[in-house]
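Below you'll find the structure, written out as structure tokens, and then a few comments.
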Amino acid sequence: MALIEFKNVAHSYLRSPARPEDYALRPMNLAWEHGGAYALLGPSGSGKTTLLNIISGLLRPSAGRVLFDGRDITDASTVQRNIAQVFQFPVIYDTMTVFDNLAFPLRNRGVASAEVRSRVSEVAEMLELTNNLRRRASGLAADEKQKVSLGRGLVRFDVSAILFDEPLTVVDPYLKWRLRRKLKEIHKRYSVTLIYVTHDQGEALTFADRVVVMHEGSVLQQGTPQELFEKPTHRFVGYFIGSPGMNFLPCRLSTDGAEVAGQPVPLAATLLTKAPQATGLEIGIRPEAINFSGSGSGLAVEIGDVEHLGTRKIATCRLGEHEIKVVVPPEQPIPSERGILKFNPAMTRLYADGRLVG
Amino acid sequence: MRLTLEKVTKTVREQPYLYGVDLDLAPASFNVLLGPTQAGKTSLLRLMAGLDYPSSGMIREDGTDVTLLGVRKRNVAMVYQEFVNYPSFTVYENIAAPLRRAKRLPASQIDAKVKATAQMMHIDPLLHRLPSELSGGQQQRVALARALVKEAPLLLLDEPLVNLDYKLREELRSEIREIFRHGTTTVVYATTEPQEALLFGGNTIVLDAGRVLQCGPALEIYHRPATIRASQVFSDPPINLIRAVIGPQGCRLSPSVAFPLAPHMRALPPGDYRVGVRAGHIGLAAHAEYGCSIPAKVELAEINGSETYVHAGHGDFQMIALLQGVHEFELGDEINLYLDPCSLFVFDDAHNLVAAPGENVGRTRAH
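First to last, the sequence lines map onto chains W and R.
If you count by this note's numbering, then the first sequence holds residues 1075 to 1432, one letter each, in order.
If you count by this note's numbering, then the second sequence holds residues 56 to 422, one letter each, in order.
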């Protein structure tokens, strides 16, 4: 159990990095509170796994220090750090039984056999592996193997943190729900720090209390799922979170609002005073914060494709050269060809050069 | 190409992988093969490709028996879950490979086809690079381009997007949809995700444990899953299944939860059933006419930014409700969940669908 801190940590896989883009991880200060459930979210190549491997000690950062509870452990080994890690693909011993696989991390540390038995049976029960304990791991299906792999990460509750590197990628959606739920139960019960790397926003947002969004080796935003959804501080966060992502529309400011493609869009009054006289102004609006209006004022658009996804419909609208995605409940009718869009002003954001104005 | 499978089975070392699969895929159709891991999707695709031979049954291409014809003698393209490219070839040569191998095309035509396909997959600026110099998404675009350039009448895609960022998935998914919208290729796209079946919207084949459970347009299966298992395979989040007793007075889910029968349930004979309700049809607000209230204890609330998934238990059944907006709950909170009986699927003892909700209950008709 520990507070994990990064002090000016940076990493490059090159021998003599010079430019910022030579760094897989650009200099950063970060803190992971004890007992938190964190998700590291970003596209592949954004530095998530590098960051995780620096925490676990698999990788020594090229610059900066890593502290556990104020203690400098930058040069400490993985074992000394007392960290458990679960990887994307199952890491188990095929020739051992499921029981022995789960017991391995405990026996390795000389835990007494009675304690081993109780820990293993507890984890096996949580992961619904009890009936397979006597089976050889080699005979298990891929998703069962991944459960064993998860179990090996979870079997020790005295660790500083448990790190997960996209552990549910190879698992089908149905099992994903159950396993994610198990992880949250474990988190609640043992208040152990969990750090979960994923490129899947759905997984990150539902799993974590705090989400850390990464892009090109930097942390762009850290916050609760709701903060990231409602107030993305960067264009990239708005695009990356949400499916479909946030709509961005170049705009001009007028005296009482904004103008998109010559049509007025209401904006919160406070935004108008805050807005810089800069170029590169854009309206950011979530597809969920737009509605079709029968008549009256709004943005007149052409309506293209409508996708039916069961629990919702996605309409792709065109406004001049811009595309606007709109999400509506399945029962709500969508006008054909032409329609009028109303933006929820409380959810209409303003961006300048890709950064949130408000 | 019309692809027909008749009673196709596959057994490997006495272990059955596929049981009597019958399929008839129309020429130029887009087919989604939906099933959980281990359902037999890859086994089935390999038989369609001629990479494996069935243990029994027949495979026809446009009526011609090709059951025992190997992949080299068939005109088929396949894309895998892993990014498979020739590591020592440039992107250009990777895409050109099937043209150089199979047909005797003049260099100028090969060049034109390679460039046109690369442009379609948005990798034309990368033609001189090696696969190792590309991101995962770009590598998979190259593999897709190589499959497309062949212009084979049959294209098999085995979970091609599963190893990509979901944003890249979104992009490639809509591109794939666009490319085949007006094409002449028969496509089979394997996936574990019901959302993908709905997004592609074509013909969906639900496969589970080596058997085809149901076949038809995606939305039709979504609205009328033929069996409990089909409803499970076609629901993400998982569909809620609850034991129910239907009598002349109404439907009872537990000693304390009962409600009058919704119109679509009234013709059912009294007896034991299972009702299915999708997470999005359980809410916190009572429905005006037929509201059924279920007291439940919160086990977990997952907030995804704009919606909340509440996992809650009532007696011995557990439910997942998808609530619009952000709702904070603590573990153990007592809440009342409401479901609209009009939105219930009813399954009989044999797990077959016997009553489906009307189309206008929070649902839309397919266009």
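Backbone N, C-alpha and C fix where the C-beta goes; we use that ideal spot for every residue, glycine too.
Query, Result
"Within 8 Å, strictly: CB atoms of L227/R and L211/R", "no"
"Contacts that F1314/W makes with chain R (C-beta to C-beta distance below 8 Å)", "K222"
"Neighbour flag for Y1248/W against chain R, beta carbons, 8 Å", "yes"
"Min CB distance P186/R to chain W below 8 Å", "no"
"Chain R contacts made by the segment 1296 to 1309 of chain W, where a contact means CB separation under 7 Å", "P1299, Q1300, L1302 and F1303"
"Those residues which DSSP pairs with F1080/W across a bridge", "L1104/W and V1140/W"
"Contacts of A1332/W in chain R (Cβ-Cβ under 9 Å)", "Simply none; closest approach about 23 Å."
"Limits of the unbroken beta strand (DSSP E) element including K1256/W", "Note, K1256/W: premise wrong, no beta strand (DSSP E); alpha helix (DSSP H) at P1247 to Y1264."
"Enclosing beta strand (DSSP E) for P249/R [first to last residue]", "Element bounds for P249/R: not the beta strand (DSSP E) but the alpha helix (DSSP H), P249 to F255."
"Contact check, Y364/R vs P293/R, beta carbons under 8 Å", "no"
"Nearest-angstrom Cα separation, counted from D79/R out to M113/R", "12 Å"
"For Q1162/W, three-class secondary structure by DSSP", "coil"
"DSSP-derived helix/strand/coil call for S84/R", "coil"
"Ordered list of alpha helix (DSSP H) runs contained in the segment 1210 to 1249 of chain W, each at least 4 residues", "1216 to 1228"
"Which of helix, strand or coil DSSP assigns to K352/R", "strand"
"Nearest to D395/R (by Cα), restricted to the options V409/R, E354/R and V332/R", "V332/R"
"Rounded separation between H1289/W and L1115/W - CA only", "9 Å"
"Through-space distance from R1252/W to N1206/W, alpha-carbon basis", "18 Å"
"Under 8 Å between C-beta atoms of A1158/W and G1227/W", "yes"
"Within chain W, partners of H366/R - CB distance below 8 Å", "R1255"
"Whether D1217/W touches D1246/W by CB criterion (8 Å)", "yes"
"Alpha carbon of T64/R to alpha carbon of S111/R, nearest angstrom", "5 Å"
"Any chain W beta carbon closer than 8 Å to T282/R", "no"
"Sequence-distant residues of the same chain with beta carbon closer than 7 Å to F1231/W, five excluded per side", "Y1264 and V1266"
"Listed by chain order, chain R residues near T1344/W by CB distance under 7 Å", "In chain order: nothing, as chain R lies at least about 23 Å away."
"Pairwise C-alpha distance: G118/R and A343/R", "Caution applies to A343/R, whose pLDDT of 49 falls short of 50 and renders its modelled position unreliable; the model cannot decide the point."
"Check whether A198/R and F289/R have beta carbons under 8 Å apart", "no"
"Helix, strand or coil at Y1270/W [DSSP, three-state]", "strand"
"Cβ neighbours of F1163/W in the same chain (closer than 7 Å, five flanking residues each side left out)", "V1244"
"Collapsed DSSP secondary structure at E389/R in the structure displayed", "strand"
"Selected residue, minimal CA-CA separation from S1371/W, among P1361/W, R1210/W, K1416/W and E1362/W", "K1416/W"
"DSSP-derived helix/strand/coil call for F384/R", "coil"
"is_contact[V381/R, chain W] using C-beta, thresh 8 Å", "yes"
"Cβ pair Y1167/W, R1284/W closer than 8 Å", "no"
"Exposed unless 16 or more other CB atoms sit within 10 angstroms - verdict on D1379/W", "exposed"
"Local conformation of G1276/W per DSSP, three classes", "helix"
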